[in-house]
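Mapping of the sequence shown onto this note's numbering: position 512 corresponds to residue 537, and the numbering continues sequentially without gaps. Glycine included, each C-beta is placed from N, C-alpha and C at the ideal position. Data first, discussion second: the structure below is written as structure tokens.
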Amino acid sequence: FFKQKTAYEMISGDWSSDVCSSDLFTLALGTDDYVTPQKERFRYKLEGYDTKWATTHSGDNTISYSHLPAGTYRLLVKAVNSDGMESPHAEELLIRVLPPFYLSLWARILYVALGLAAIWGLYRYVGIRERRRFNEKRLIDAARKEEELNQLKFRFLTNIGHDLRTPLTLIISPLDNMLRDTTDDATRRKLSLMRKNAGHLLRMVNQLLDFRKSEVSTLVLKPVDSDMYLFLDNICRSFLSISDPKEIDIKFESNVDSLPMRFDEDKFYKVMMNLLGNAFKFTPEGGKVTVSLDTDGRDAVIKVADTGCGIPDGEKNRIFDRFFQGEKARKEQHTTGYGIGLSLVKEYISLQGGTISVENNTPTGTVFRITIPIIPCENTVSPAKVVTGDATAAPGLPDAPGTDSRQPSPANPDIPVALVVDDNSDMLDFLREGLSSDFRVITAADGESALKILSTIRPAIILTDIMMPGMNGMELCRRIKTNRALAGVPVVALSARNEEQAKVEMLTIGADDYLTKPFNTELLALRMKRLVKLTSPATSSRPLINPEPGEIVITSLDEKMVEKATKYVVANMKRTDLSVEELSAHMGMSRVHFYKRLKSVTGKTPVEFIRLLRLKRSAQLLRESQLNVSEVAYQVGFNNPKYFARYFADEFGMLPSVYKDQNGQTTLHTL
Numbered sequence: 026f027f028k029q030k031t032a033y034e035m036i037s038g039d040w041s042s043d044v045c046s047s048d049l050f051t052l053a054l055g056t057d058d059y060v061t062p063q064k065e066r067f068r069y070k071l072e073g074y075d076t077k078w079a080t081t082h083s084g085d086n087t088i089s090y091s092h093l094p095a096g097t098y099r100l101l102v103k104a105v106n107s108d109g110m111e112s113p114h115a116e117e118l119l120i121r122v123l124p125p126f127y128l129s130l131w132a133r134i135l136y137v138a139l140g141l142a143a144i145w146g147l148y149r150y151v152g153i154r155e156r157r158r159f160n161e162k163r164l165i166d167a168a169r170k171e172e173e174l175n176q177l178k179f180r181f182l183t184n185i186g187h188d189l190r191t192p193l194t195l196i197i198s199p200l201d202n203m204l205r206d207t208t209d210d211a212t213r214r215k216l217s218l219m220r221k222n223a224g225h226l227l228r229m230v231n232q233l234l235d236f237r238k239s240e241v242s243t244l245v246l247k248p249v250d251s252d253m254y255l256f257l258d259n260i261c262r263s264f265l266s267i268s269d270p271k272e273i274d275i276k277f278e279s280n281v282d283s284l285p286m287r288f289d290e291d292k293f294y295k296v297m298m299n300l301l302g303n304a305f306k307f308t309p310e311g312g313k314v315t316v317s318l319d320t321d322g323r324d325a326v327i328k329v330a331d332t333g334c335g336i337p338d339g340e341k342n343r344i345f346d347r348f349f350q351g352e353k354a355r356k357e358q359h360t361t362g363y364g365i366g367l368s369l370v371k372e373y374i375s376l377q378g379g380t381i382s383v384e385n386n387t388p389t390g391t392v393f394r395i396t397i398p399i400i401p402c403e404n405t406v407s408p409a410k411v412v413t414g415d416a417t418a419a420p421g422l423p424d425a426p427g428t429d430s431r432q433p434s435p436a437n438p439d440i441p442v443a444l445v446v447d448d449n450s451d452m453l454d455f456l457r458e459g460l461s462s463d464f465r466v467i468t469a470a471d472g473e474s475a476l477k478i479l480s481t482i483r484p485a486i487i488l489t490d491i492m493m494p495g496m497n498g499m500e501l502c503r504r505i506k507t508n509r510a511l512a513g514v515p516v517v518a519l520s521a522r523n524e525e526q527a528k529v530e531m532l533t534i535g536a537d538d539y540l541t542k543p544f545n546t547e548l549l550a551l552r553m554k555r556l557v558k559l560t561s562p563a564t565s566s567r568p569l570i571n572p573e574p575g576e577i578v579i580t581s582l583d584e585k586m587v588e589k590a591t592k593y594v595v596a597n598m599k600r601t602d603l604s605v606e607e608l609s610a611h612m613g614m615s616r617v618h619f620y621k622r623l624k625s626v627t628g629k630t631p632v633e634f635i636r637l638l639r640l641k642r643s644a645q646l647l648r649e650s651q652l653n654v655s656e657v658a659y660q661v662g663f664n665n666p667k668y669f670a671r672y673f674a675d676e677f678g679m680l681p682s683v684y685k686d687q688n689g690q691t692t693l694h695t696l
């Protein structure tokens with residue numbers, strides 16, 4: 026045999042060849058028969074690939090294979106001559122098919138390496154991602170725990186603030202009475218000092234409660250027309266009594282003599298008192314505090330500068346965070362606040378559309394810069410509108426009054442009886458003494474005791490605290506107002522809670538007035554006397570003048586018109602969209618003509634006519650049906666029970682619930 030190389034190479038000395046699996050290779054075969062080579066045939070078999078022997082055609086001495094799988098094969102070939110004689114032995118050729126480059130050993134090693142690298146990269150990516158998630162979760166948990174801790178802190182401080190209002194009442198109110206009665210100058214100075222410090226303590230308590238209010242609800246801006254120049258000048262003057270003992274020079278500078286604008290005086294008062302209080306606290310003796318007012322026509326710029334210890338640059342970004350206290354301030358001061366004052370200041374400034382920032386003062390100290398937009402006044406501002414005060418007085422707390430001309434009246438059975446309910450024995454003693462000149466005071470320690478007293482005595486007025494153990498003031502007021510015999514007794518709520526929600530809830534239940542602690546006993550007595558006078562039998566039994574229109578002659582046509590209008594309103598009473606236009610169209614009249622005719626006949630406008638029929642039908646339902654007040658309101662066409670109750674009270678002089686209790690078929694009264 027001899028072989029022709031096509032896409033393979035010979036291995037020297039061996040009948041073997043290496044080819045690629047994608048190659049097409051051909052082998053040429055031959056014998057030593059040179060006589061009749063055209064009649065020769067060959068039989069061949071590729072072991073490892075062919076299962077049977079194959080035979081070439083006569084004269085065809087080539088064998089071709091293509092795309093053999095990688096591996097080692099053995100080609101067996103036998104020659105067949107023209108007589109059909111086959112060679113006894115087969116010639117062999119070893120063929121090794123190499124894999125393609127992407128399936129070679131090095132390629133596989135590369136694949137394994139890339140796979141391992143991919144697994145390692147995926148492992149690293151998952152690890153980094155999980156660590157990032159863990160860190161984010163840890164930060165979120167830390168922030169949540171910090172917020173929970175802050176809320177616990179503040180709830181604790183708020184509870185303390187509520188608890189402090191009662192003892193502060195027992196301190197400030199007697200001091201006011203003593204200041205009214207004393208004539209000795211030395212004693213008055215001591216009492217005034219005590220009153221100022223008690224007011225300062227109350228101001229801090231109010232700040233805690235204001236901060237809590239900003240946390241749980243939305244602060245409401247209440248702007249008024251005022252003069253910012255006079256307002257700031259007044260506040261700076263109020264700090265003169267503090268600056269003199271510490272030899273601190275306080276100065277007010279301004280590039281304008283007057284700046285009328287609209288702003289919330291109460292909130293801005295708290296802002297300035299907080300900033301100036303901090304400035305005086307951190308400024309040493311002999312220092313200087315400067316308040317300046319500038320304006321560019323659009324914004325008012327207020328600066329509060331001091332020469333104190335200053336604020337480090339690293340703490341300036343956090344100085345307005347809640348509960349944050351600077352390290353330097355804590356080291357240099359024996360007593361510090363709770364870290365809520367500046368946070369509340371920022372909220373108040375933001376509420377007014379302004380900004381606040383902190384800067385370094387030269388050569389030492391701090392400058393707080395406030396920028397608020399100038400909102401033009403709606404009315405002319407007079408200088409008398411600006412209220413002067415003291416730096417230690419709490420906003421909203423009346424100053425110590427002067428002498429009082431009221432003298433205690435002698436014991437008289439005609440003096441009205443006042444029932445005072447409070448769980449604090451000191452408060453009961455104080456109120457008994459403070460109201461004794463105008464009332465015969467009966468006291469009770471809780472709601473249950475008050476109900477027992479009310480079962481035998483009907484006082485002229487009831488004064489009750491809200492937060493009491495057992496039956497609180499709200500439940501006591503509800504029991505009183507739902508009792509037919511006691512519903513007419515006025516109830517005054519007295520509480521340390523000054524939230525609007527508490528006031529609304531108590532007045533909704535039926536309380537006639539609401540006062541927050543601390544209070545002025547003179548003001549309390551005046552309010553109680555007024556309520557007693559308004560609800561006394563002598564006042565309520567006085568005949569009222571009932572204006573009556575002149576007599577008119579109602580013709581039969583008028584009667585038919587009223588009857589027709591009444592029937593239509595009654596038939597469509599449940600509809601909330603029943604309008605005057607619809608009724609006048611049903612009557613075949615224009616709106617103006619129907620208005621004049623109905624007004625001249627009934628004395629009612631069409632709107633009042635429809636409302637009166639609704640209210641009279643609601644009174645029938647309250648008397649004769651088992652529906653509650655809300656169901657009755659919807660039954661007669663009111664889409665809001667609150668409006669229904671208001672109109673019903675205007676028409677019948679009492680709330681629907683009281684009317685139902687007094688005129689219903691079956692009503693259970695319990696104390």
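Given a threshold of 16 other Cβ atoms within 10 Å of its Cβ, counted over all protein chains shown, does I153 qualify as buried or as exposed?
Exposed.
Which whole-angstrom value describes the C-beta separation of M286 and M253, a residue pair presumed to lie in contact below a C-beta threshold of 8 Å?
Contact holds; Cβ gap of about 6 Å.
Excluding the five sequence neighbours on either side, which residues of its own chain have a C-beta within less than 7 Å of the C-beta of G427, listed in chain order?
At G427, the pLDDT of 35 sits below 50, so the modelled position is not reliable; the number obtained from the coordinates is stated separately. R205.
Measure the C-alpha to C-alpha separation of K276 and T315 and round it to an integer number of angstroms.
CA-to-CA, the gap between K276 and T315 works out to about 5 Å.
Through-space distance from F634 to D516, alpha-carbon basis
Checking the sequence shown, residue 516 turns out to be Val, not Asp. Straight-line Cα distance between these residues: approximately 35 Å.
Looking at the secondary structure, which residues open and close the beta strand (DSSP E) in which L519 lies?
First-last of the beta strand (DSSP E) with L519: V516 to S520.
Taking C-alpha atoms, which residue in T396, R343, F455 and E372 lies nearest to T320?
Taking the Cα of T320 as reference, the smallest distance to any Cα among T396, R343, F455 and E372 is reached at T396.
Considering only DSSP beta bridges, list what P285 is partnered with.
In the DSSP secondary-structure assignment, P285 is bridged to D252.
If you run the structure through DSSP and keep just helix, strand and coil, what is G366?
In the structure shown, G366 sits in a helix (DSSP, three-state: H, G or I).
Does the distance from the CB of L227 to the CB of F264 come in under 8 Å?
Against a cut-off of 8 Å, the Cβ pair of F264 and L227 comes out as no contact.
Within 10 Å of its beta-carbon, does S599 have 16 or more other beta-carbons around it, so buried, or fewer, so exposed?
For clarity, residue 599 is Lys in the given sequence; the question names Ser instead. Per the 10 Å Cβ criterion, exposed.
Local Cβ density within 10 Å of K506, reported as buried at 16 or more and exposed below that
With 16 or more Cβ atoms within 10 Å of its Cβ, K506 is classed as buried.
What residue does the beta strand (DSSP E) around P681 start on, and which one ends it?
No beta strand (DSSP E) contains P681, which is instead part of the alpha helix (DSSP H) from P681 to N688.
Span of the alpha helix (DSSP H) holding P666?
P666 to F677 is the extent of the alpha helix (DSSP H) around P666.
Between the C-alpha atoms of L444 and V626, what's the straight-line distance to the nearest angstrom?
Their Cα atoms are separated by approximately 50 Å.
Going by C-alpha distance, which of R483, V657, A470 and K477 is nearest V442?
That would be R483, whose Cα lies nearest to the Cα of V442.
What did DSSP end up calling R483 once you bin it into helix, strand or coil?
Coil at R483, not helix or strand.
Is I83 helix, strand or coil by DSSP?
Here residue 83 is Ser; the residue named in the question, Ile, does not match the sequence. Note: S83 maps to coil in three-state DSSP.
Quick check: the segment 53-71 against the segment 99-111, are there 3 or more CB pairs under 8 Å?
Touching, yes, given that three or more Cβ pairs across the two stretches are closer than 8 Å.
Consult DSSP for D2 and reduce its assignment to one of helix, strand or coil.
The shown model of the chain, from 26 to 696, leaves out residue 2, and the question about it has no answer.
Going by C-alpha to C-alpha distance, which of N545, L548 and M499 sits closest to M531?
It is M499.
Can you tell me whether Y127 is buried or exposed? The criterion is at least 16 other CB atoms within 10 Å of its CB, across all chains shown.
Here Y127 is exposed: its Cβ has fewer than 16 other Cβ atoms, across all protein chains shown, within 10 Å.
Do M297 and I260 have their CB atoms nearer than 8 Å?
For M297 and I260, yes; Cβs fall inside 8 Å.
Buried or exposed: which applies to A409, given that a residue is buried once 16 or more other Cβ atoms fall within 10 Å of its Cβ?
With a pLDDT of 39 at A409, under the threshold of 50, the predicted position of this residue should be treated as unreliable, and no value is reported.
What's the call for P4, buried or exposed, on a 16-neighbour Cβ count within 10 Å?
Beyond the ends of the chain as shown, which are 26 and 696, falls residue 4; an answer cannot be given.
Just list the alpha helix (DSSP H) runs in the segment 621-672, keeping only unbroken ones of 4 residues or longer that don't cross its boundaries, in chain order.
Listed in chain order, the complete alpha helix (DSSP H) runs (minimum 4 residues) inside the segment 621-672 are 631-649 and 654-660.
In angstroms, rounded to a whole number, what distance separates the CA positions of G575 and L559?
For G575, the predicted structure reports a pLDDT of 43, less than 50, and the residue's modelled location is therefore unreliable. A value from the coordinates is still provided. Each residue's alpha carbon lies about 31 Å from the other.
Report all residues from its chain with a CB closer than 8 Å to the CB of R457; omit the five preceding and five following residues, and keep chain order.
Beyond the five residues adjoining it in sequence on each side, R457 comes within less than 8 Å, by CB distance, of V445, V466 and T468 in the same chain, given in chain order.
Distance, L637 Cα to K629 Cα:
Answer to the nearest angstrom: the Cα atoms are 9 Å apart.
For a quick check, are the C-beta atoms of S368 and D338 less than 8 Å apart?
D338 is positioned such that its CB atom lies no closer than 8 Å to that of S368.
Buried or exposed: where does D57 fall if 16 or more other Cβ atoms within 10 Å of its Cβ makes it buried?
Around the beta carbon of D57, a 10 Å sphere encloses fewer than 16 other beta carbons of the protein chains shown; the residue is thus reported as exposed.
Apart from the five residues just before and just after L401, which ones in its own chain have a Cβ nearer than 6 Å to its Cβ?
It is worth fixing the name first, because residue 401 is Pro in this sequence and not Leu. Its chain contains no residue whose beta carbon lies nearer than 6 Å to that of P401 once the 5 sequence neighbours on both sides are disregarded.
Please work out which residues of its chain come closer than 7 Å, Cβ to Cβ, to M612, disregarding the five sequence neighbours upstream and downstream, and give them in chain order.
In chain order, M586, K589, A590 and F619 place their CB closer than 7 Å to the CB of M612, counting only its own chain and leaving out the 5 sequence neighbours on each side.
Taking a contact to mean a Cβ-Cβ separation below 8 Å, would you say T697 touches A510 in this structure?
Since the first residue shown for the chain is 26 and the last is 696, residue 697 is missing from the structure and cannot be characterised.
First through last residue of the alpha helix (DSSP H) which encompasses Y294
For Y294, the enclosing alpha helix (DSSP H) has its first and last residue at E290 to F307.
Use the C-beta contact count for P433: other C-beta atoms within 10 angstroms, 16 or more gives buried, fewer gives exposed.
Caution applies to P433, whose pLDDT of 36 falls short of 50 and renders its modelled position unreliable; the model cannot decide the point.
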